[in-house]
Amino acid sequence: MCALVIRRATLHDAPELCRTHKETVRAKARTHYSDGLIEAWIGDREPHHYRRAMEDSGECIWVAQDHGTIVGFASLRGNELNALYASPAAPGGTGTALLHVVVAEARSLGLRDLVATASLNAAKFYRRRGFFETGPAELVRSGVAIPAIRMRKSIG
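In short: position in the sequence shown from 1, add 216, done, that's this note's numbering.
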């Protein structure tokens, strides 16, 4: 039985955020990206990156836990959906549940839209949830340009 709980991340969650991020990208991005691009994307990620995002960047991060284990997370910085990951171990609907929390927070801040730089493998997920493409994009990680899609969703 699913026991999904979504809550705000704490600094102590950083190691699990890092693990979940790497696990999810390695498992789900292979349909659209080479091993080299995947490792450029997440190979240098360490827990301190997530702590710094929470402390210095003003990023709001939420985690999804199933039976106490982090199985997904999402983050919001300004009107940018900066991250949304649901691991292969996450119960169905985890990504959508995280997105609902982000949208609710964005609305409470008075935002009228969300923008995201979606990986190629995630674009379909976003389209099905009301995002539309605004153009091509790149994620630059470890000096490597990773193809992506810029997307927007009206929430006002």
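Even glycine gets a Cβ: it sits at the ideal position worked out from N, Cα and C. These numbers come from a predicted model, not from an experiment.
In the pairwise beta carbon analysis, the stretch 250 to 259 is classified as not touching the stretch 287 to 299: fewer than three pairs are separated by under 8 Å. The DSSP-derived three-state label of A334 is strand. Residue state for G252 is assigned as helix, using DSSP reduced to three classes. Distance from the CA of R224 to the CA of F347, rounded to the nearest whole angstrom, comes to 24 Å.
With at least 16 other beta carbons inside 10 angstroms of its own, V318 counts as buried. Within the same chain, and ignoring the five residues on either side of S370 in sequence, the residues whose Cβ sits closer than 8 Å to its Cβ are R328, D329 and G346. A distance of 7 Å or more separates the beta carbons of G284 and A306. In the structure shown, E262 adopts coil according to DSSP, grouped into three states.
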